[in-house]
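Peer 1:
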Amino acid sequence: MKYSHPVINSPKWYWALGLGAIVSLPVQAMDAVSPLPEELFFSEVPVVLSATRLKQSLPDSPASVTVIDRKMIEASGAIELVDLLRLVPGFQIGYYTGSKFTVSSHGNADRFARDMQVLIDGRSIYDPAFGGITWSDQELDMDDIQRIEVIRGPNASTHGSNSFAGVINIITWHPAEQPAVRVKTLVGDGGRRQIYNRFAGIEGDLAYRIALKYDENDGFENRHDNSDTRWVSIRSDYQVNSRDALLFELGKSGGTREDGFSSDSEQPFRATEDDHAFQQLRWTRSLSPGNEFYIQLYHNYQQIDDDFSDTQALVALGFNDISLGYGFESQRYDVEFQHTFQLNSAQRLVWGLGARQDKAKGIWTFSQNDWLTRNQTRAFGNLEWRLNENLLLNLGGMYEKFEQKDGFFSPMAALNLKLNEMNTLRLRATSAYRMPTLWEDFSDQSVVQTGSRTPIFDTYVNRTNLKPEKIESFELSYLGNFPEVGLTVDAKLFHEEIKDMIAEIKDLSMPYSASIAPLVPILMGGGIDPAGFLPFEYINNGSLNINGFEVGLGWKPSNRDMLHISYGFANAYGRQFKKVNPVEYRRLNERVPTQTISLLGSHKFDNGIKVSTAYYYVDDIDWAGDGDYIDINRRWDVKLSKQFELERADGEISLILQNIGPNNNYQDFHAENVWANRIFLEASLNWH
Amino acid sequence: MTCLNPRLRFGILPMSVWYRWGVFSVFFYTLSLLLIPSCSAGEQDSVVVFSSDSAPAYNQVARKLQSYLNEKCADVSPTCSPRQVFILTQPTDGSSLVIPPDTKLIIALGQHAGEEIHGMNTGIPILHALIPEAAYQQMGKDKQHSAIYLDQPVSRLLQLARIIRPDPHIGLLLSPLTKTLQDELITESLRQNIPVSYRNVGSTEMVGHLLKDVLEESNILLALPDPMIFNSTTIFNILLSSYHNKIPVIGFSSAYVKAGALIAAYSTPEDIARHLAEYTNRYLNSGAETLPEPIYPKYFSVSVNHSVARSLGISLPDETDIIRRMLEDSKP
Chain A
75 MKYSHPVINS
85 PKWYWALGLG
95 AIVSLPVQAM
105 DAVSPLPEEL
115 FFSEVPVVLS
125 ATRLKQSLPD
135 SPASVTVIDR
145 KMIEASGAIE
155 LVDLLRLVPG
165 FQIGYYTGSK
175 FTVSSHGNAD
185 RFARDMQVLI
195 DGRSIYDPAF
205 GGITWSDQEL
215 DMDDIQRIEV
225 IRGPNASTHG
235 SNSFAGVINI
245 ITWHPAEQPA
255 VRVKTLVGDG
265 GRRQIYNRFA
275 GIEGDLAYRI
285 ALKYDENDGF
295 ENRHDNSDTR
305 WVSIRSDYQV
315 NSRDALLFEL
325 GKSGGTREDG
335 FSSDSEQPFR
345 ATEDDHAFQQ
355 LRWTRSLSPG
365 NEFYIQLYHN
375 YQQIDDDFSD
385 TQALVALGFN
395 DISLGYGFES
405 QRYDVEFQHT
415 FQLNSAQRLV
425 WGLGARQDKA
435 KGIWTFSQND
445 WLTRNQTRAF
455 GNLEWRLNEN
465 LLLNLGGMYE
475 KFEQKDGFFS
485 PMAALNLKLN
495 EMNTLRLRAT
505 SAYRMPTLWE
515 DFSDQSVVQT
525 GSRTPIFDTY
535 VNRTNLKPEK
545 IESFELSYLG
555 NFPEVGLTVD
565 AKLFHEEIKD
575 MIAEIKDLSM
585 PYSASIAPLV
595 PILMGGGIDP
605 AGFLPFEYIN
615 NGSLNINGFE
625 VGLGWKPSNR
635 DMLHISYGFA
645 NAYGRQFKKV
655 NPVEYRRLNE
665 RVPTQTISLL
675 GSHKFDNGIK
685 VSTAYYYVDD
695 IDWAGDGDYI
705 DINRRWDVKL
715 SKQFELERAD
725 GEISLILQNI
735 GPNNNYQDFH
745 AENVWANRIF
755 LEASLNWH
Chain B
763 MTCLNPRLRF
773 GILPMSVWYR
783 WGVFSVFFYT
793 LSLLLIPSCS
803 AGEQDSVVVF
813 SSDSAPAYNQ
823 VARKLQSYLN
833 EKCADVSPTC
843 SPRQVFILTQ
853 PTDGSSLVIP
863 PDTKLIIALG
873 QHAGEEIHGM
883 NTGIPILHAL
893 IPEAAYQQMG
903 KDKQHSAIYL
913 DQPVSRLLQL
923 ARIIRPDPHI
933 GLLLSPLTKT
943 LQDELITESL
953 RQNIPVSYRN
963 VGSTEMVGHL
973 LKDVLEESNI
983 LLALPDPMIF
993 NSTTIFNILL
1003 SSYHNKIPVI
1013 GFSSAYVKAG
1023 ALIAAYSTPE
1033 DIARHLAEYT
1043 NRYLNSGAET
1053 LPEPIYPKYF
1063 SVSVNHSVAR
1073 SLGISLPDET
1083 DIIRRMLEDS
1093 KP
């Protein structure tokens, strides 16, 4: 018996590999219009949750981590990204104008928080020239943030120097997770006008997002600090095949920021022009679950045009037409290779190599038009070792070598003891360094004659090859996780010692400049301290010890309710030189606020209305640099929002009330920055 | 008993057909000569394994099945004469497929081969394998056909859910393609007191929006083999969103586990071949004329993504323990 039947062959018919097979086929093999249903069982799938996307569960983490997730972001009613960081135990935020912010942990910061590392999708946005973050220049809206992971305390063993007081890790959404088109607009007090527009899509193996934003505000009532910002950013994720993925991001921003005070000749009323851009490329190859490597390149560019001619100042002294400036340009180039792999079921190793070039230039700030550069090379490794079911040891370190400086090593050791499924104890010891910024090392700034640029007197001149600041930190933490009641607890007892601090001082034995020297007797006769005409400089001096504890509490009794409480208590003592020849000390105790509290709660009603409220409290704090001694801050925010559905679209409308509590006219960073209550209306629409 | 020489075996099929099979067929033919004792009974029942292509999964099943059938034979008695196993694929030039005589059972691998053989009306019992339940149900059924499905039984999926969470609440995305599974899954879950939240997806574009709702309501996402829902456009959103909502995903293949699903139970080509071999022997030895009802795969494997488990704070035993527990639980 023979049967015959013509069979039509389909040439497109290729299988992706079967289980344990050898060949790798493109991801297209699982296209939406799959010809055969059984293919799906054997086709390859791109590695989505790659090792770098996976976060360590909190009981396994070697450091204290606070995660600000989407629900917290939405409930907070924050309009400035930095306000979200008030939710982190021990963190303080300073507004030094309506558009310039500083973020610190355990205080001890001026307008440039030089000890805080901040990363967006693994790219450090730390400004190498002056330190700190130009928050308003970053091409990022809170809508694009998936979560923020904040490491409280030094973590240089993985994130390198300047991960000193903490690390803020901002992770943006994968474009595939975002609705196709989004428009959001916000108007409110303080002249706030925002419009944000995003388009996200998927074309084959490419997922992309393009976002634009315009933002303006008038800042504080009694400050000269109007600002406007516009930016564009692009993120694209290309899945080359099931193992290889490319991430590409770029952005550009620009804006005007007013600054200055009415009677300050060194900070007069003026408007600065900011420009910022970045590019980032990362190639990740996933070898197997928990085993991958990546190579990343990025570049940041920052420019701030800030100089002014002051015809009125110092007229009494006979100087008519003088100029001063703080403008600069800076760049950071960075390349990093990182390999994560599972040595065996108990040991996991992350190691890598990196190199970086930081550059700065500025005729006003460094007295030169050529780029100053500083190269760094680094090597790091972190081992996670499960000694047994209940003991987890983390050992790590990073070695860094900066040009013109001695190399240094930042080690870390942490031991997590899991008492049971719910309770974990952790001991941690680590040290980290803060590299001087290019400004601290190379500042050369003078008040000059307008036009000729002849120096009249120096304002900042650094003469010392500075050593990095060093911090040593010891922590004992308790982590509790009670899923039955939806409760998580994170408590930490800490001791931090900061040594070799970089102190801004005046050397009173320095000679006065040729223009000022003849005027010194006149000044002294008029009761004016001529030391005002001596330059500031930086030296390594002083130490600061901080002891305290922090508690973070999260409670989610249901999907509609949430409560977050954070509490930080710190006791600091330390001093450093303020002046030398003769020596005068600066007390540092008040630079660290004793208590920091935040509360965030939200509830969603049956009718879809969401109510959330946040309360923030910071004890009195002495902001460093040009900041002031500021009394207790209390702020109470409320947000009401309602979602609505349209055909193939949904949206949300929100009313945001900030600082509505009693006695709410608190000062922020500068005594002149006085908060009032503010009301905002926000509406957004997404098309699917 | 007559000794079969290779030339004679070639003679069963027209030379041209053999030729067109190309290198692959020659390789397998040679392999089968090595595996099958050179002395073979020509009049023994023969089995045809038919697939529509030479893709790895088909090959693995066919090859493993062949060796299992031979092994089993040797186990029975040293003088047992093994069944002849012919591995056929669709001719690539559109010429006719030829079924050898004395064929007692045709095993069709995959939907394509299944439909092909279905249309031929051979009069020989046909066992479908490597075919999802939904695809088999779509084919016209008659007494001549039966199947070993590729999908795992619902009970097995629910077992996984209970292993992951003591209080599972299953989230599902369904489309018309998984309609057959829907009733069974929902009925069985309710019977076991496992709540289920599901949304019906009309098109791939709707997945993102409906996924959000499902993730809000459930604590486990069960991925079903449904190309309208799980494809290259949606996979990132599904796995990332679930992870960000701290919701583990039960996948349906080891590739899904590698990609980021927490766990999956699935039948490998080897598992399927083992089941097919047992089935074939039992059926041919029984002398029955018709095949038993379609069944789910007896053998299965489990993969766990331990990195994901650790990150989600879910502690799971290792794979062999999970399988042991599942087998113990499913004993009556």
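As you go down the protein sequences, you meet chains A and B in turn.
Numbered per my numbering, the first sequence finishes at 762, counting up by one with no gaps.
Numbered per my numbering, the second sequence finishes at 1094, counting up by one with no gaps.
All C-beta atoms, glycine included, are put in the ideal place defined by N, C-alpha and C.
In or out: E967/B buried (at least 16 other Cβ within 10 Å) or exposed?
Peer 2: Exposed, since its Cβ has fewer than 16 Cβ neighbours within 10 Å.
Peer 1: Helix, strand or coil for Q906/B? Go by DSSP, reduced to three states.
Peer 2: Q906/B: coil per DSSP, three-state reduction.
Peer 1: Got a sec? Which residues, its chain only, sit under 8 Å from D384/A by beta carbon, not counting five neighbours each side?
Peer 2: Taken in chain order, the residues that qualify are S339, P342, I396, S397 and L398.
Peer 1: What residue range is occupied by the uninterrupted alpha helix (DSSP H) comprising H1068/B?
Peer 2: It spans H1068 to L1074 - the alpha helix (DSSP H) in which H1068/B sits, taken as one unbroken run.
Peer 1: Are there three or more Cβ pairs, one per stretch, closer than 8 Å when the segment 1039–1055 of chain B is compared with the segment 951–963 of chain B?
Peer 2: Not touching, per the Cβ criterion.
Peer 1: Using only alpha-carbon positions, find the residue among I222/A, E118/A and S237/A that is nearest to I545/A.
Peer 2: Of I222/A, E118/A and S237/A, the residue nearest in Cα terms is S237/A.
Peer 1: Quick one: which chain B residues come within Cβ less than 9 Å of N633/A?
Peer 2: By Cβ distance, chain B contributes E978 and E979.
Peer 1: Just list the alpha helix (DSSP H) runs in the segment 960–1035 of chain B, keeping only unbroken ones of 4 residues or longer that don't cross its boundaries, in chain order.
Peer 2: Runs found: 969–979, 997–1006 and 1016–1021.
Peer 1: If you count every other CB in all the chains shown that lies within 10 Å of the CB of N1067/B, and 16 or more means buried, which is it?
Peer 2: Looking at its Cβ environment, which holds 16 or more other Cβ atoms inside 10 Å, N1067/B is buried.
Peer 1: In its own chain, which residues sit with a C-beta less than 6 Å from the C-beta of N621/A, not counting the 5 before and 5 after it?
Peer 2: Once the five neighbours on either side are set aside, the close Cβ partners of N621/A are H569 and N645.
Peer 1: Please state whether DSSP places P85/A in a helix, a strand or coil.
Peer 2: Low local confidence applies: a pLDDT of 35 at P85/A is under 50, so the model's placement there is unreliable, with the coordinate-based value given in what follows. Here P85/A sits in coil by DSSP.
Peer 1: Going by beta-carbon coordinates alone, are T439/A and F402/A separated by less than 8 Å?
Peer 2: Yes, they are a contact pair.
Peer 1: Can you tell me whether Q220/A is helix, strand or coil according to DSSP?
Peer 2: Strand at Q220/A.
Peer 1: Could you check the C-alpha separation between A487/A and K573/A for me, to the nearest Å?
Peer 2: Computed Cα separation, rounded: 20 Å.
Peer 1: May I ask you to report which of helix, strand or coil DSSP gives M901/B?
Peer 2: Three-state result, M901/B: coil.
Peer 1: For L193/A, which residues in chain B fall below 8 Å Cβ to Cβ?
Peer 2: Under the 8 Å cutoff, chain B gives no residues; its nearest Cβ is about 18 Å from L193/A.
Peer 1: Which residues mark the beginning and the end of the beta strand (DSSP E) in which G471/A is found?
Peer 2: G471/A -> beta strand (DSSP E) spans L465 to F476.
Peer 1: Look at the alpha carbon of A891/B and the alpha carbon of K826/B, and state the distance between them as a whole number of angstroms.
Peer 2: Taking the straight line from one Cα to the other gives about 14 Å.
Peer 1: Within 10 Å of its beta-carbon, does P609/A have 16 or more other beta-carbons around it, so buried, or fewer, so exposed?
Peer 2: Buried is the call here.
Peer 1: Applying the 10 Å Cβ sphere with the 16-neighbour rule, what's the burial state of T171/A?
Peer 2: It is buried - the Cβ of T171/A has at least 16 other Cβ atoms within 10 Å.
Peer 1: Is P363/A close to chain B? Criterion is C-beta to C-beta, closer than 8 Å.
Peer 2: By this cut-off, P363/A is an interface position.
Peer 1: When you compare only the Cα positions, how much space is there between R266/A and N291/A?
Peer 2: Straight-line Cα distance between these residues: approximately 4 Å.
Peer 1: Which same chain residues, not among the five before or five after S124/A, have their C-beta less than 8 Å away from its C-beta?
Peer 2: Only A319, T358, S360 and E366 meet the Cβ criterion.
Peer 1: Relative to the alpha-carbon of F186/A, which residue among W209/A, S198/A and I194/A has its alpha-carbon at the smallest distance?
Peer 2: Comparing Cα positions, the closest option is W209/A.
Peer 1: What residue ranges within the segment 131–156 of chain A form continuous beta strand (DSSP E) runs of no fewer than 3 residues, ordered along the chain?
Peer 2: DSSP runs (the beta strand (DSSP E)) wholly in the segment 131–156 of chain A: 138–142.
Peer 1: Could you tell me which residues DSSP pairs with W749/A in its beta bridges?
Peer 2: Note: W749/A sits in no beta bridge, so no partner.
Peer 1: Among the residues of its own chain, which have a CB less than 8 Å from the CB of D381/A, if the five just before and after it don't count?
Peer 2: Excluding residues within five positions, the ones whose Cβ falls inside 8 Å are S397, L398, G399, Y400, G401 and W438.
Peer 1: Could you tell me whether the segment 665–677 of chain A touches the segment 176–196 of chain A, where touching means 3 or more Cβ pairs closer than 8 Å?
Peer 2: Yes: the two stretches touch, three or more of their Cβ pairs being nearer than 8 Å.
Peer 1: Is the CB-CB distance between G648/A and N663/A below 8 Å?
Peer 2: The answer is yes: Cβ separation under 8 Å.
Peer 1: Check A95/A in the structure and name its three-state DSSP category.
Peer 2: With a pLDDT of only 33 at A95/A, under the threshold of 50, the placement of this residue in the model should not be trusted; the figure read from the coordinates follows. It is coil, neither helix nor strand.
Peer 1: For a contact meaning CB atoms closer than 8 Å, what does P133/A contact in chain B?
Peer 2: Chain B residues near P133/A: G1075.
Peer 1: Mind checking which residues open and close the beta strand (DSSP E) that includes F548/A?
Peer 2: E543 to F556 is the span of the beta strand (DSSP E), which, as asked, contains F548/A.
Peer 1: Report the rounded CA-to-CA distance for P529/A versus N394/A, giving the unit in angstroms.
Peer 2: Rounded to the nearest angstrom, the two C-alpha atoms are 13 Å apart.
Peer 1: Helix, strand or coil, according to DSSP, for N619/A in the structure here?
Peer 2: Correct three-state label for N619/A: strand.
Peer 1: Restricting to Cα atoms, I'd like to know which of G164/A, G436/A, I613/A and L158/A is closest to E624/A.
Peer 2: Closest option to E624/A, Cα to Cα, is G164/A.
Peer 1: With V257/A as the anchor, note down where its beta strand (DSSP E) starts and where it stops.
Peer 2: Residues V255 to G262.
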